[in-house]
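Asker:
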Amino acid sequence: MKTELRFRVRSYECDSYGHVNNAVYLHYLEYARYEFLRDIGFDYPAILAGGYGVYVSRVEIAYKKPARADDELLIESLPVKKGAVSGVIAQKISRGNELIAEAKVTWAFVNEAGTPTKIPAEFDVPGLSPETN
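According to the working numbering, the sequence shown is numbered sequentially starting from -18.
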């Protein structure tokens, strides 16, 4: 399932060059992934209450064009890989027809100690897998 999140760039997210600071994109991507998880029925609060977590283990970002204050951006999030413990979500940030940035985010399901662990059946929702999309 591909999900979409639209929002407007706020002026305080821009650097001295007048464009969105590259570190701010991590916040954008995190926000969009959380909304993606909500959209597919992944109950993140229940996971935390159960003593589990979902950690980001790798982020690859390719910056294509700058975004500026007041730009309306769209982030598309789509699962592209899933195993028993981890997976990858692909994300694209665009402004209209212009690609602003692309990212691949690798995540891992962890237990209370922060050790990677198999996703319990009750949290292994179909939307995490690319083949269900």
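C-beta atoms are modelled at their ideal positions from N, C-alpha and C, and glycine is treated no differently.
1. Does the pairing of the segment -1 to 11 with the segment 70 to 82 give three or more beta-carbon distances under 8 Å?
2. Would Val106 and Phe23 qualify as a contact pair, given that the criterion is a beta-carbon distance under 9 Å?
3. Where in the segment 19 to 48 do unbroken runs of the beta strand (DSSP E), each at least 3 residues long, occur, reported from the N-terminal end onward?
4. Between which two residues does the beta strand (DSSP E) containing Leu59 stretch?
5. Put Pro101 into one of helix, strand or coil per three-state DSSP.
6. What residue does the beta strand (DSSP E) around Gly68 start on, and which one ends it?
7. Per the contact definition of three or more C-beta pairs closer than 8 Å, is the segment 43 to 61 in contact with the segment -15 to 4?
8. Please check the pair Thr87 and Ser67, which I expect to be a contact at CB under 8 Å, by giving their CB distance rounded to whole angstroms.
9. When the distance is taken between beta carbons, is Pro101 closer than 9 Å to Gly34?
10. When burial is assigned at 16 or more other CB atoms within 10 Å of the CB, is Arg(-9) buried or exposed?
11. Can you check whether the CB of Arg(-11) is closer than 9 Å to the CB of Leu54?
12. For the beta strand (DSSP E) that contains Thr96, what are its first and last residues?
13. Would you mind stating whether Ile42 and Ser58 have Cβ atoms separated by less than 9 Å?
Answerer: By the coordinates alone:
1. The segment -1 to 11 is in contact with the segment 70 to 82.
2. Here residue 106 is taken as the residue at index 125 of the sequence shown, counted from 1. Here residue 23 is taken as the residue at index 42 of the sequence shown, counted from 1. With respect to Phe23, Val106 sits close: the two C-beta atoms are nearer than 9 Å.
3. Runs of the beta strand (DSSP E) spanning 3 or more residues and lying entirely within the segment 19 to 48 occur at 34 to 44, in chain order.
4. For the purposes of this step, residue 59 is taken as the residue at position 78 of the sequence shown. In this chain, the beta strand (DSSP E) harbouring Leu59 covers 53 to 63.
5. Here residue 101 corresponds to residue number 120 of the sequence shown, with the count starting at 1. Three-state result, Pro101: coil.
6. Numbered from its first residue, the sequence shown carries residue 68 at position 87. According to the DSSP assignment, Gly68 belongs to the beta strand (DSSP E) that extends over 67 to 76.
7. They touch, by the three-pair rule.
8. Position 106 of the sequence shown, counted from the start, is the residue given in the question as residue 87. Position 86 of the sequence shown, counted from the start, is the residue given in the question as residue 67. Rounded to whole angstroms, the Cβ separation of Thr87 and Ser67 is 6 Å, and the two are in contact under 8 Å.
9. Locating residue 34 in the sequence shown gives position 53, where the first residue counts as 1. Locating residue 101 in the sequence shown gives position 120, where the first residue counts as 1. Judged by their CB atoms, Gly34 and Pro101 are not nearer to each other than the 9 Å cut-off.
10. On the sequence shown, residue -9 is found 10 positions in, with the first residue counted as 1. So Arg(-9) ends up on the exposed side.
11. As a position in the sequence shown, residue 54 is number 73, starting the count at 1. As a position in the sequence shown, residue -11 is number 8, starting the count at 1. Yes, the pair counts as a contact, with Cβ atoms nearer than the cut-off.
12. Taking the sequence shown and counting its residues from 1, one reaches residue 96 at position 115. Per DSSP, Thr96 belongs to no beta strand (DSSP E) and is neither H nor E.
13. Your numbering for residue 42 matches position 61 in the sequence shown. Your numbering for residue 58 matches position 77 in the sequence shown. Cβ atoms of Ile42 and Ser58: not closer than 9 Å.
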